[in-house]
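Engineer: Please see the structure below; I have some questions.
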């Protein structure tokens, strides 16, 4: 028999409903698309594109993709002033931050766009973190 969540919520006290709504807002805030993240940082596609050394149209296409290289994600988030951290979570231990994924290798030639993104990212506001679960 299906359960109507609205009936259950109506039975909760005002304090309980408020607590549920606050937790729902927290959960929603934990998950953002690149587009949502860019908007939350109050950045335009044109500004991110300029920082990355690509076109605005390329940023639009990037935001619509469901599968990105980690290096592309890292560059894009850096262009927004943030940093990507990948966390592996297991039921029987504390979360583990994975390192050395999609990072530049010493001696590897950097693209001008990435170098520009790093310089400009430091001019933007405080770094943001992304947790991938």
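Residue numbers (the working numbering): 29 to 161. Glycine included, each C-beta is placed from N, C-alpha and C at the ideal position.
Within the continuous alpha helix (DSSP H) that includes residue 67, where are the two ends?
Structural biologist: Looking at the DSSP string, the run of the alpha helix (DSSP H) that includes residue 67 is 62 to 68.
Engineer: Can the beta-carbon of residue 67 be found closer than 8 Å to that of residue 109?
Structural biologist: No Cβ-Cβ contact shorter than 8 Å links residue 67 with residue 109.
Engineer: In terms of alpha-carbon separation, which member of 88, 57, 59 and 55 lies closest to residue 71?
Structural biologist: 88
Engineer: Go ahead and pull the three-state DSSP assignment for residue 42.
Structural biologist: In the structure shown, residue 42 sits in a helix (DSSP, three-state: H, G or I).
Engineer: Between 31, 120, 103 and 113, which has its C-alpha nearest residue 77's C-alpha?
Structural biologist: 103
Engineer: From which residue to which residue does the alpha helix (DSSP H) around residue 113 run?
Structural biologist: No alpha helix (DSSP H) contains residue 113, which is instead part of the beta strand (DSSP E) from 111 to 118.
Engineer: Reducing DSSP to helix, strand and coil, say where residue 31 ends up.
Structural biologist: coil
Engineer: With distances taken between CB atoms, is the gap from residue 37 to residue 45 smaller than 8 Å?
Structural biologist: yes
Engineer: Beta-carbon of residue 109 versus every beta-carbon of chain B: anything under 8 Å?
Structural biologist: Absent from the structure: chain B. Only one protein chain is present.
Engineer: Just checking my contact of residue 113 with residue 124 at CB under 8 Å: how many whole Å lie between their CB atoms?
Structural biologist: So it is not a contact: roughly 11 Å between Cβ atoms.
Engineer: Looking at the unbroken alpha helix (DSSP H) that takes in residue 71, where does it start and where does it end?
Structural biologist: In the DSSP assignment, residue 71 falls outside any alpha helix (DSSP H), carrying neither H nor E.
Engineer: Based on Cα-Cα distance, which residue from 49, 129 and 63 lies nearest to residue 94?
Structural biologist: 63
Engineer: Kindly indicate which three-state DSSP category residue 121 falls into: helix, strand or coil?
Structural biologist: strand
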